[in-house]
Amino acid sequence: MLKHKLQHCIKITIINSNTCTQLFPNQIVSEQQSLVVMKKLLAIAVSGITYLRGIFPGKAYGKKYVEDQQVMILREEHSCPGATQILQW
1 MLKHKLQHCI
11 KITIINSNTC
21 TQLFPNQIVS
31 EQQSLVVMKK
41 LLAIAVSGIT
51 YLRGIFPGKA
61 YGKKYVEDQQ
71 VMILREEHSC
81 PGATQILQW
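Numbered per UniProt numbering, the sequence shown finishes at 89, counting up by one with no gaps.
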């Protein structure tokens with residue numbers, strides 16, 4: 001049941017220059033794929049919270065899109081060791 005819901009509800013894309021790639025698979029058929037999706041969703045949640053609270057500077061985030069909504073995702077920034085530490089978790 002969960003696989004079916006995820007398959008139809010999650011459409012997250014990364015926009016790079018002129019290319020558009022899907023961040024999540026269309027269908028989740030294994031436990032490993034499910035784990036990867038959950039890790040990505042957790043990364044989106046933690047990044048969103050830290051961005052909205054202003055915990056790290058803006059340069060520690062990259063832009064990605066969920067449907068047509070822009071989200072800020074933590075990225076490895078050498079001048080911001082706290083962001084790098086969270087990414088290593």
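Where a beta carbon is used, it is the ideal one built from N, C-alpha and C, also for glycine.
Original post:
Taking three-plus beta-carbon pairs below 8 angstroms as touching, is the region 59-66 in contact with the region 28-43?
Top reply: no
**OP:** Put Gly58 into one of helix, strand or coil per three-state DSSP.
**Re:** helix
Original post:
Taking the runs of the alpha helix (DSSP H) that are 4 residues or longer, which of them lie wholly in the UniProt domain "HORMA" (32-89)?
Top reply: 81-88
Subject >> Backbone CA spacing between Leu52 and Thr84 [nearest angstrom] >> reply: 18 angstroms
**OP:** Measure the beta-carbon distance from Ile73 to Ala45 and round it to whole angstroms, keeping in mind my assumption that it falls under 8 angstroms.
**Re:** 11 angstroms between Cβ atoms; not a contact.
Subject >> Integer-rounded CB distance, given that Gly48 should sit under 8 angstroms from Val71 >> reply: 6 angstroms
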